[in-house]
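Numbered according to my numbering, the sequence shown spans residues 100 to 378. Even glycine gets a Cβ: it sits at the ideal position worked out from N, Cα and C. I have placed the structure first, in the form of structure tokens, so that the comments after it can refer back to it.
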Amino acid sequence: MTVVNYERRGPVALVTMNRPDYRNAQNSAMTYALDEALYRAAADDEVKVIVLAGAGEHFSAGHDIGTPERDAHLSFERRAGLWWDHVGKDGADSRLARESEVYLGMCRRWRELPKPTIAMVQGACIAGGLMLAWVCDLIVAADDAFFADPVVRMGIPGVEYFAHPWAMPPRIAKEFLFTGDRMPARRAYEVGMVNQVVPREELRAQVLALAERIAAMPRLGLALAKKAVNQAEDLQGLHAGLDSVFGLHHLAHAHNAETAADPLAGMDARSMKAAADGS
100 MTVVNYERRG
110 PVALVTMNRP
120 DYRNAQNSAM
130 TYALDEALYR
140 AAADDEVKVI
150 VLAGAGEHFS
160 AGHDIGTPER
170 DAHLSFERRA
180 GLWWDHVGKD
190 GADSRLARES
200 EVYLGMCRRW
210 RELPKPTIAM
220 VQGACIAGGL
230 MLAWVCDLIV
240 AADDAFFADP
250 VVRMGIPGVE
260 YFAHPWAMPP
270 RIAKEFLFTG
280 DRMPARRAYE
290 VGMVNQVVPR
300 EELRAQVLAL
310 AERIAAMPRL
320 GLALAKKAVN
330 QAEDLQGLHA
340 GLDSVFGLHH
350 LAHAHNAETA
360 ADPLAGMDAR
370 SMKAAADGS
């Protein structure tokens with residue numbers, strides 16, 4: 100089974116994360132396969148719009164921090180930057196190199212893909228899942244979707260691609276982080292993080308219809324409009340903000356490594372879920 104599926108539907112490329120048994124948790128194999136799929140869509144002159152989806156009940160439960168296929172110890176051909184391979188290194192020498200590549204670096208490059216992208220979100224969109232949705236230009240959510248960044252429970256100030264104050268108003272971003280609570284799709288729509296909320300059974304059809312409407316526009320016009328808005332966000336501090344908080348993120352990892360069981364403060368997917376459920 101491939102960890103990312105690629106399908107062409109006329110001018111629309113449908114890129115689907117395919118680890119449904121693990122709620123599409125992002126191991127390195129899936130992240131690099133996603134990168135390959137987005138490169139493929141970018142290079143195909145017939146593709147005008149890209150839809151990012153998750154197979155199964157959930158869009159993505161975030162980074163893989165505990166499945167049997169967790170592969171953070173393996174080397175992959177680096178694509179997002181010039182940092183050295185993280186394998187065989189210790190401490191920040193390893194973690195900073197890996198996360199600069201597969202998290203911040205990948206997400207930044209995907210945001211700059213010069214074709215419109217739409218995240219099709221159902222079920223869970225948690226932590227690292229937020230990063231994948233936020234780099235897309237539009238987010239269409241099923242009415243059962245929910246969003247959360249619970250990593251403050253680990254003593255970490257948020258996920259590596261820290262777009263929170265741009266994805267939602269700053270006070271809402273603080274509440275989102277301080278509580279770690281799930282934000283339902285309707286609330287995400289109200290605060291401007293989501294473009295549309297649709298019934299779950301209509302999600303795929305409505306997203307593809309939207310993608311086809313956008314695909315009717317001139318390709319260069321779409322690319323320039325996307326670049327114009329992205330540049331405006333960067334002038335509002337997004338690019339510098341991402342760099343700044345990435346440093347705080349790694350300060351938190353280093354603090355955990357010195358004072359707790361490990362850089363994740365001894366927490367895993369199960370304990371994070373239990374904390375979210377209040378059990």
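Taking buried to mean at least 16 other C-beta atoms within 10 Å of its own C-beta, is residue i buried or exposed?
{"i": "glycine 109", "result": "exposed"}
{"i": "proline 215", "result": "buried"}
{"i": "glycine 161", "result": "buried"}
{"i": "tryptophan 209", "result": "buried"}
{"i": "arginine 194", "result": "buried"}
With distances taken Cα to Cα, identify the nearest neighbour of residue i among the options.
{"i": "aspartate 236", "options": "Val148, His172, Gly336 and Asn117", "result": "Val148"}
{"i": "valine 234", "options": "Val102, Gly346, Asp361 and Leu341", "result": "Leu341"}
{"i": "alanine 374", "options": "Arg285, Arg252 and Met129", "result": "Arg252"}
{"i": "isoleucine 255", "options": "His352, Leu229, Ala136 and Ala196", "result": "His352"}
{"i": "arginine 112", "options": "Glu259, Ala196 and Asp144", "result": "The sequence shown places alanine at residue 112, rather than the arginine named in the question. Looking at the Cα atoms, Asp144 is the closest of the given residues."}
{"i": "serine 127", "options": "Ala140, Pro167, Tyr105 and Ala141", "result": "Pro167"}
{"i": "alanine 310", "options": "Val103, Thr101, Val102 and Arg107", "result": "Arg107"}
{"i": "proline 362", "options": "Pro317, Val306, Ala368 and His349", "result": "His349"}
What residue does the alpha helix (DSSP H) around residue i start on, and which one ends it?
{"i": "arginine 207", "result": "205 to 210"}
{"i": "methionine 129", "result": "127 to 142"}
Is residue j closer than 8 Å to residue i when the C-beta atoms are compared?
{"i": "alanine 266", "j": "methionine 292", "result": "yes"}
{"i": "leucine 151", "j": "alanine 218", "result": "yes"}
{"i": "glycine 365", "j": "alanine 356", "result": "no"}
{"i": "aspartate 163", "j": "glutamine 125", "result": "yes"}
{"i": "asparagine 329", "j": "isoleucine 238", "result": "no"}
{"i": "valine 103", "j": "alanine 132", "result": "yes"}
{"i": "leucine 334", "j": "leucine 212", "result": "no"}
{"i": "arginine 285", "j": "aspartate 243", "result": "no"}
{"i": "tryptophan 182", "j": "glutamate 156", "result": "no"}
Start and end of the beta strand (DSSP E) containing residue i?
{"i": "glycine 161", "result": "That residue, glycine 161, is in no beta strand (DSSP E); it is neither H nor E in DSSP."}
{"i": "alanine 244", "result": "First-last for alanine 244: undefined, no H or E at that position."}
{"i": "isoleucine 149", "result": "148 to 153"}
Report the CB separation of residue i from residue j in whole angstroms; it is logged as a contact under 8 Å.
{"i": "cysteine 224", "j": "phenylalanine 158", "result": "5 Å"}
{"i": "alanine 179", "j": "methionine 205", "result": "5 Å"}
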